[in-house]
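Trainee:
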Amino acid sequence: MAAAITEPMAIASTSAGSAAFLTMPETGTPPLASSLSNVLCVTSKTSDVICNPWRNLVSQNRRRYKKDNFDLDLTYITDRIIAMGFPAIDQEKIYRNSMEATVAFLERYHADHYMVFNLRGRHAYDPSYFHNRVMTFEMDDHHPPRLELMAPFCRAVHDYLAADEQNVVAVHCKAGKGRTGVMICAYLVYINFYYSPRQNMDYYSIVRTVNNKGVTIPSQRRYVYYFSHLRKRNLNYMPLRCELIGVYFERPPRLNGILLDGAYRLRVANGDIDVFIPGPLRLSGRDFDEEEALWGRYPCSVGEDQFNPYDPQPGKDCISRRCYGWSVPATQRVFMEGDVRIDFYAKKWFKGLGWTLKDREKLGHVWFNTMFTCPGYCGGVYVHGDEAYPYPKATISSPWPPIDSRSCETANGILKNTWFSDGSRSNRRKRYEKKSHMKNEGSVSHECNIDSPPGLEKHCPYRCLPLIYPEQLGRQPPRKEIMAMLRDAHTKHLAGGKYKKHLQSVPSGTAIPRSPEVRLDCGGPMCLMRRPYEHVLTFSVLEVDRAFKHDKVNKGLKIYVVVRCIDVDNKDDVELAKKCIENMYAAQAKIDASRTEEMRKKSGQSRFESLSDSTSSHSSSSYSADAISDQPWRCDPRLQNANLRKYFFRQRADSKSVHPPANYRCMPRKADSPSSGLWETGLINHADNDSLDEEATMKKQIQNEDTKYAEEDFIATQDREWLEESSESED
């Protein structure tokens, strides 16, 4: 990945295909940048006077930079990291940052010491605007960034900042909030800015927005937690190949009414490729009435036999006592690898007329990565971050701490209530009450101090500040203003552990009766029981994009995804999975090629160079050649796989990160071999060891399944409306 100014701009593909790098010509002063170098006062233009109100309206809750005649959708996240909106060239600049103003800002304050990271998929511009200091990572709108791009992005940012103490980076997508926030938060995790990924996301959200709503989409948050999971376990990313068993849901939202009727639909895609689109699932008005009455009488969905992936126990294999959904037919087996998207939507029509009102009413969707489906493969059971990193009671600021407590921590920065050493307790209470009254009016308590993030000094040493922000030019480091933002957010209770607390409550009472223990191809209700070798992913309504804020979706909704690892001892399964995944990659490559050509045309460049792996000469690092090495993975057999080769990067010689083993065996399948080391944390259901006859019978059935239609659903997505209708608010 090129980090130096004179090296090529890197365009990293989001797909399973190889990375593509755009080779830039080396010139003295790019003509486009030269034409903009003298633009300093950007708001003096008539067009800016007219457009700025629209730009302020479109930026919504995002903080804007309004100093020195600039008015930009741009924020300093740290002293060396900038988040900003897309620098528009055409009519889009009516309501977004204009390219002229963005260039003027960077040239005025950080000339020769900035690198721009473009995360907006299929929207390129001529990099000569920024003196060819542009790196582009292809990421689609309204999607979480591909997990495979997080480490390369972090390395590229880190290398550029390490090359010169004056260097800064500017990151943008479209609006400069969602995808930009995910990648910046990934980098904050990378450098241990805060020790908790949740703290890093809240820090970013407070600094980038006025209401602490930066990285809010559940799937985007999940991918930051994924990256943190890998970092804490010293693991490099490598997708796991697995088989989809079925998708099921609990507490279905009502679709029918006086005039309307409807049916549930499902779509499962591996990247951009559809792999499973089953038929519609329809419930009658009587079915909905029965559901509502039953759940009203028995609000608790969890019984004593509930399967717990974090603590599996013999005899406790009930995934859901009452659910609906789709099981993959034995004749159309589905295999997945990498990033997977599940769309849950509804089709509605007028009763008796057959007129379609809505063909695809989005109810919710979920992105997940197959690497985290098997606990043994990813170094331990993945726990969703908002549950794994709660705000402990000891770190939440209370309105009146104990008299012997001088401070109380919070999650972002560390908020301390500093008390005067003199005066009685009653006087201090009066001062607190006065401050509380002022706080309600929007004032910031002067008794609140914010400790610096633990990783701030290493990220931007104090000695660098005069170099980046010369006092003689009237520049002040952003950190002081950032601390004021954090203090303001804490005193206004915009930060803390109350995130959607009303939705996290678990109903108590008698568990709902179990439905019949069956697995229907399409339908319900059914009691879903975990079978041998299976892994279960559970997504509550808080973890489902769009559904978590959908008024018509029941807050008890849960989506269950059941998968299983490939049995490496079954050669037929291994070959079938390999063929299906190769077909999926081939279809994805066609889509990527089309996007790459579109990017080439938009950027105005003449040629591309396709690289088969990430270890080419285009990769760069601030470390010397002796300090980085490919020795840990040089003999890995996965290097022979063109689709997996790109996941190998040269590492520091002292790096502890490793890839999951190439010959990995799912722990529940290893009946005869003992566990050891890192992989001992795999999910082992001891009940499986007592049912070897059942497993043998099941395995025989799998081997005898008719698989001639197994690849039918591995086709490229033709209907692009899927992606258009998935859009959330601007990110």
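First residue of the sequence shown? That's 4 in this note's numbering, and the numbers climb one at a time after it.
All C-beta atoms in this analysis are idealised placements derived from N, C-alpha and C, irrespective of residue type, glycine included.
Just so you know, these numbers come straight off a predicted model, no measurement behind them.
1) Starting from Val250, trace the beta strand (DSSP E) in both directions and tell me its first and last residue.
2) Under a three-way DSSP split, which group does Lys235 fall into?
3) Please report the straight-line C-alpha distance between Ile485 and Thr81, rounded to a whole angstrom.
4) Within 10 angstroms of its Cβ, does Arg182 collect 16 or more other Cβ (buried), or is it exposed?
5) Tell me which same chain residues have a C-beta within less than 6 Å of the C-beta of Arg158, skipping the five on either side of it?
6) Can you name, in chain order, every residue of its own chain whose Cβ lies under 7 Å from the Cβ of Gln223, other than the five neighbours on each side?
7) Out of Phe230, Met102, Val106 and Gly477, point me to the one whose CA is closest to Val386's CA.
8) Does the segment 523-535 come close enough to the segment 353-369 that 3 or more CB-CB pairs lie under 8 Å?
9) The ligand COA and Gly181: does any heavy atom of the ligand fall closer than 7 Å to the residue's C-beta?
10) Under 7 Å Cβ to Cβ from Arg567, same chain only, skipping five residues before and after it: list those, please.
11) Determine, using beta carbons only, whether Trp329 and Cys525 come nearer to each other than 8 Å.
12) Have a look at Ala104, Asn135, Pro155 and Phe89 and flag the residue whose alpha-carbon is nearest the alpha-carbon of Arg123.
13) Decide yes or no for the touch test of the segment 204-215 against the segment 167-174: beta carbon pairs closer than 8 Å, at least 3 of them.
14) Using a Cβ-Cβ cut-off of 7 Å (strictly less than) and excluding sequence neighbours within five positions of Asn41, which residues of its own chain qualify?
15) Straight-line CA distance for Asp275 to Ser287?
16) Rounded to a whole number of angstroms, what is the C-alpha to C-alpha distance between Asp115 and Val106?
17) Compute the beta-carbon to beta-carbon distance between Gly559 and Tyr327, rounded to the nearest angstrom, for a pair I have assumed lies under 8 Å.
18) For His175, does the three-state DSSP call read helix, strand or coil?
19) Determine the direct distance from the alpha carbon of Arg136 to that of Gln169, and round the result to whole angstroms.
20) Could you give the distance in angstroms between the alpha-carbon of Arg285 and the alpha-carbon of Tyr267?
21) So, helix, strand or coil for Val160, using DSSP?
22) In the DSSP assignment, find the unbroken beta strand (DSSP E) run with Met102 in it and report its ends.
23) Would the beta-carbon of Val192 fall within 8 Å of that of Arg257?
24) Could you please give the first and the last residue of the uninterrupted alpha helix (DSSP H) stretch that includes Cys188?
25) If you check the beta carbons only, do Ile569 and Asp576 fall under 8 Å apart?
26) If the criterion is Cβ atoms closer than 8 Å, does the pair Phe551 and Pro312 meet it?
27) Short of 7 Å in beta carbon distance, which residues of its chain neighbour Phe279, apart from the five on each side in sequence? Order them along the chain.
28) Under a three-way DSSP split, which group does Trp370 fall into?
29) Where does Leu356 fall in DSSP's three states?
30) Take Tyr735 as the anchor and find which of Asn121, Met153 and His496 has the nearest alpha-carbon.
31) Can you give the Cα-Cα distance for Tyr79 and His134, rounded to whole angstroms?
32) In its own chain, which residues sit with a C-beta less than 7 Å from the C-beta of Asn415, not counting the 5 before and 5 after it?
33) Which stretch, first to last residue, makes up the beta strand (DSSP E) that contains Arg125?
34) Can you give the Cα-Cα distance for Met670 and Arg466, rounded to whole angstroms?
35) Going by C-alpha distance, which of Arg363, Tyr380 and Gly341 is nearest Met587?
36) Leaving out five residues before and five after Leu263 in sequence, what residues of the same chain have Cβ atoms less than 8 Å from its Cβ?
Mentor: Judging by the given coordinates:
1) Arg244 to Glu253
2) helix
3) 8 Å
4) buried
5) none
6) Pro147, Gly181 and Val185
7) Phe230
8) no
9) What this structure holds is no ligand at all, so the ligand COA is not there to describe.
10) Cys245, Glu246, Ile248, Tyr536, Glu537 and His538
11) yes
12) Phe89
13) no
14) Note that Asn41 scores 45 on pLDDT, short of 50, meaning its location in the model is unreliable; the coordinates nonetheless yield the value given after this. Within the same chain, Asn41 has no close Cβ partners at all.
15) 33 Å
16) 12 Å
17) Not really, about 14 Å apart at Cβ, beyond 8 Å.
18) strand
19) 15 Å
20) 6 Å
21) helix
22) Run containing Met102: none in the beta strand (DSSP E); it sits in the alpha helix (DSSP H), Met102 to His113.
23) no
24) Gly181 to Tyr193
25) yes
26) no
27) Leu247, Val271, Val331, Val337 and Asp716
28) strand
29) coil
30) Residue 735 falls outside the range modelled here, since the chain spans only 4 to 734, and no answer is possible.
31) 21 Å
32) Confidence is the limiting factor: at Asn415 the pLDDT is only 46, short of 50, which leaves the residue's position unreliable and the question unanswerable from this model.
33) Run containing Arg125: none; DSSP gives neither H nor E here.
34) 51 Å
35) Gly341
36) Lys351, Trp352, Phe353, Lys354 and Leu360
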